[in-house]
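Notes follow once the structure below has been shown.
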């Protein structure tokens with residue numbers, strides 16, 4: 107669809123500039139060894155060729171950079187729902203009127219022109235898994251978007267990526283609202299899942315006996331059917347184990363989010379096969395996350411647990427983190443440069459189930475690239491260009 | 203010249219007891235107030251720096267303990283001009299101006315935040331109450347020695363009294379429901395009225411000289427503000443928006459107090475005015491603009507722009523807004539945005555010390571100053587560089603190779619117990 111629009115634009119304007127090639131001294135394809143002095147050719151938004159001996163077709167715009175990586179993927183953010191001004195009218199990531207609201211769609215709240223979308227894109231982020239934030243038991247749906255696009259529809263990759271759930275102190279109701287404690291929270295969650303499974307069974311009935319549509323049950327039924335993972339924000343090891351217990355009982359796909367104390371129960375996580383969207387290493391180690399460590403990424407990697415980094419959710423200053431800088435801290439604290447880069451490119455793409463389109467520089471994938479004037483993780487390096495589906499959408503240095 | 207002086211000192215040292223001498227040999231030494239030394243020595247006697255110089259130009263006193271730091275980098279202990287480590291508190295909700303409240307009476311020296319600050323290479327902090335008041339109280343300048351009480355840590359004037367500044371704020375944080383001000387003009391008016399009161403009090407104090415009969419009745423609030431008016435106590439002023447910054451300068455000029463501008467998100471808009479006023483700025487650099495209206499135009503180039511205008515610049519963590527363990531990162535981000543490396547290093551150390559009236563004691567690797575320094579594994583501005591050791595007053599206060607210390611550097615189970623995260627006005631946006 108997007109490609110069609112590009113072609114249409116090309117026909118109307120008649121300008122031969124839609125095609126692009128990026129030449130890098132070091133090209134991290136994330137699909138094999140680092141290529142030296144290589145070229146990535148992007149034709150009609152898709153990668154057409156990658157390699158050191160690739161010829162750039164005539165008429166292509168050629169960009170150059172010291173380091174070229176796949177466009178970065180932020181595995182979990184609230185950017186676009188949460189705005190940078192932090193006023194009531196730009197905060198749509200959390201609705202507190204009820205503890206369980208799986209029917210809230212991210213696509214109905216995403217502002218593609220939010221300044222923070224532009225901000226993170228400037229540092230190389232091309233794909234965002236964003237949506238409803240942590241803070242209630244089930245806060246709503248998440249979506250996957252590209253960081254370009256005038257409107258939500260232009261940017262959309264997947265409208266319903268995961269269902270956001272929080273357990274632990276972060277999900278307790280304020281002002282005496284339910285749930286007041288952990289046991290109540292899980293009882294409420296289990297009841298909602300049971301109700302949704304009964305609803306799903308009724309959907310098997312003949313057409314004239316179908317139940318009335320119920321948006322809550324419909325969303326949860328997607329989880330129960332294994333089509334959409336439940337993303338459970340849980341920091342304490344006890345809460346992580348609760349999430350595993352629930353996923354076992356209802357056999358839904360589980361993604362652990364935050365997971366500060368995952369290193370304390372890594373064998374159980376590994377055994378269960380859950381994936382982890384690790385908290386941003388620079389997240390404040392307070393509340394349920396008081397035992398967070400800069401080394402979580404290194405520890406997960408060592409335990410063989412698939413994980414990706416996220417910018418997470420911030421309610422004050424800074425209003426968002428930048429996943430590039432978070433992965434940098436992970437890189438410097440035991441994970442290493444290339445593993446950390448994987449956690450914001452190919453590993454993030456796999457975790458989100460979008461590795462057929464993004465996450466590595468391979469022929470046929472989207473032409474999403476980030477260009478840097480040095481090691482992307484170094485404090486003093488700049489992002490000098492961002493390409494999304496063959497279009498130069500940000501120019502540096504940033 | 204520098205090394206000759208060092209040699210002279212070393213010669214003098216030879217006749218004195220030498221058992222406390224310790225030389226850190228072979229590092230790239232960045233003294234901050236002098237050119238870098240590629241292969242240098244930092245010689246420490248007791249709590250003080252005895253000499254700093256090139257390895258091949260220095261002769262060490264006999265019996266000096268040699269510590270091989272080849273391949274490492276040594277910089278002065280970092281100075282954070284604005285920290286909330288240790289769970290400080292100032293005024294309560296009863297009124298917007300409370301100069302009688304001292305953070306000294308509220309600091310927990312066992313707070314994990316202080317251990318993390320040592321892991322970040324910090325040796326001097328200005329511990330402040332929050333910005334939810336026009337004036338939230340007296341701040342405390344502390345040295346991150348290992349101490350059991352806050353008295354062990356606090357810097358002192360020659361007369362033995364504890365050193366600190368005064369925390370003030372304008373803009374949105376201190377605008378609240380009554381009895382707090384509801385507008386910016388009211389904020390300024392309330393503060394000016396209080397300063398006028400303090401001025402009259404100071405006049406009475408001065409008129410009385412030492413005549414106890416004539417002295418006004420002691421008033422803890424006015425007494426502290428009088429110290430602001432005499433210049434003994436520096437005002438550390440939270441301010442973000444360009445017009446709020448100018449309001450601070452206007453009132454400081456009216457009453458003649460010394461002020462350091464803190465945060466200064468929109469410094470880039472009024473850099474000429476800040477430079478013309480010769481006002482020092484202590485900057486915070488955060489990862490994204492916004493989070494509140496007054497920080498919407500926060501810009502990472504503030505350091506570069508103020509430096510270019512010739513204004514004095516330091517940095518601060520505002521811990522827990524940013525993490526003390528990553529203080530070097532903040533200066534690195536300023537360099538990324540165009541500030542000079544030298545300026546950014548000075549801003550982390552000596553410039554901060556000067557803004558706390560401590561420039562003659564700490565902030566550079568200079569003979570006679572306190573032996574506060576950090577041993578790094580590599581360049582100060584590389585993300586891959588690790589802070590290996592922190593020394594304060596000649597004592598090792600952090601060692602990455604010690605598992606107990608490492609816990610605070612990396613985090614992990616128990617690393618934040620207890621840690622009081624004091625983020626002013628955070629609660630107003632709690633989600």
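Residue numbers (this note's numbering), protein chains in the order written: chain S, 107 to 504; chain W, 203 to 633. Glycine residues also receive a C-beta, built at the ideal position from the N, C-alpha and C atoms. Since the model is a prediction, treat every value here as computed from it, not as a measurement.
Asked, Found
"Alpha carbon of residue 491 of chain W to alpha carbon of residue 501 of chain W, nearest angstrom", "7 Å"
"Inside the segment 355-439 of chain W only - beta strand (DSSP E) runs reaching at least 3 residues", "368-371"
"Spatially closest choice to residue 165 of chain S from S/126, S/326, S/378, by CA coordinates", "S/126"
"Own chain residues within Cβ distance below 7 Å of residue 448 of chain S, not counting five before or after", "136"
"Helix, strand or coil at residue 348 of chain S according to DSSP, with G and I counted as helix", "helix"
"Cα-Cα separation between residue 506 of chain S and residue 315 of chain W, rounded to whole angstroms", "With chain S covering only 107 through 504, there is no way to say anything about residue 506 of chain S."
"Chain W contact for residue 439 of chain S (CB, 8 Å cutoff)", "yes"
"Status (buried if at least 16 other CB within 10 Å, exposed otherwise) for residue 593 of chain W", "buried"
"Contact set for residue 308 of chain S: own chain, Cβ-Cβ below 6 Å, skip 5 residues either direction", "317"
"Reduced DSSP secondary structure (H/G/I, E/B, other) of residue 249 of chain S", "strand"
"Secondary structure of residue 244 of chain S, DSSP reduced to three states", "strand"
"Residue 610 of chain W (DSSP reduced to helix, strand or coil)", "helix"
"Helix, strand or coil at residue 488 of chain W [DSSP, three-state]", "coil"
"Simplified DSSP assignment, three categories, for residue 484 of chain S", "coil"
"Residue 416 of chain S burial status per 10 Å Cβ neighbour count (16 or more: buried)", "buried"
"Contacting positions in the segment 397-418 of chain S - beta carbon closer than 7 Å to chain W", "397, 398, 399, 400, 401"
"Through-space distance from residue 265 of chain S to residue 322 of chain W, alpha-carbon basis", "42 Å"
"Residues of the segment 205-231 of chain S with Cβ closer than 7 Å to any Cβ of chain W, in chain order", "222, 225"
"Test: residue 488 of chain W CB closer than 8 Å to a CB of chain S", "yes"
"Other residues of its chain near residue 227 of chain W: CB distance less than 7 Å, five sequence neighbours each side excluded", "243, 257, 268, 269, 270, 271"
"Sequence-distant residues of the same chain with beta carbon closer than 6 Å to residue 222 of chain W, five excluded per side", "247, 248"
"Chain-ordered chain W contacts of residue 53 of chain S [CB-CB under 9 Å]", "Residue numbering for chain S in the displayed model covers 107 to 504; residue 53 of chain S lies beyond these limits and cannot be assessed."
"Candidates W/595, W/582, W/591, of which the one nearest residue 605 of chain W by Cα", "W/591"
"Sub-8 Å separation of residue 688 of chain W and residue 367 of chain W beta-carbons", "Nothing about residue 688 of chain W can be read from this structure; chain W reaches only from 203 to 633."
"Coil, strand or helix - residue 305 of chain S by DSSP", "helix"
"Rounded straight-line distance, which links the Cα of residue 129 of chain S to that of residue 458 of chain S", "28 Å"
"Contacting residues, own chain, Cβ-Cβ under 8 Å from residue 190 of chain S (five flanking each side not counted)", "196, 220, 221, 222, 225, 425, 426"
"Close-in-space but distant-in-sequence residues of the same chain around residue 663 of chain W (CB under 6 Å, 5 per side omitted)", "A question about residue 663 of chain W goes unanswered here, because the residues of chain W that appear run from 203 up to 633."
"The segment 522-533 of chain W contacting the segment 466-483 of chain W, beta-carbon criterion three pairs below 8 Å", "no"
"Whole-Å CB distance - residue 431 of chain W paired with residue 404 of chain W, under 8 Å assumed", "5 Å"
"Close-in-space but distant-in-sequence residues of the same chain around residue 117 of chain S (CB under 8 Å, 5 per side omitted)", "For residue 117 of chain S, the predicted model reports a pLDDT of 41, less than 50, meaning its position is unreliable; a value from the coordinates is still stated below. So the list is empty, once near-sequence residues are dropped."
"Cross-chain neighbours of residue 428 of chain S in chain W, by beta carbon under 9 Å", "489, 490"
"Local Cβ density within 10 Å of residue 142 of chain S, reported as buried at 16 or more and exposed below that", "exposed"
"Beta-carbon proximity of residue 449 of chain W to residue 463 of chain W, cut-off 8 Å", "no"
"CB contact check: residue 369 of chain W to chain S, cutoff 8 Å", "no"
"Range covered by the beta strand (DSSP E) that runs through residue 338 of chain W", "337-340"
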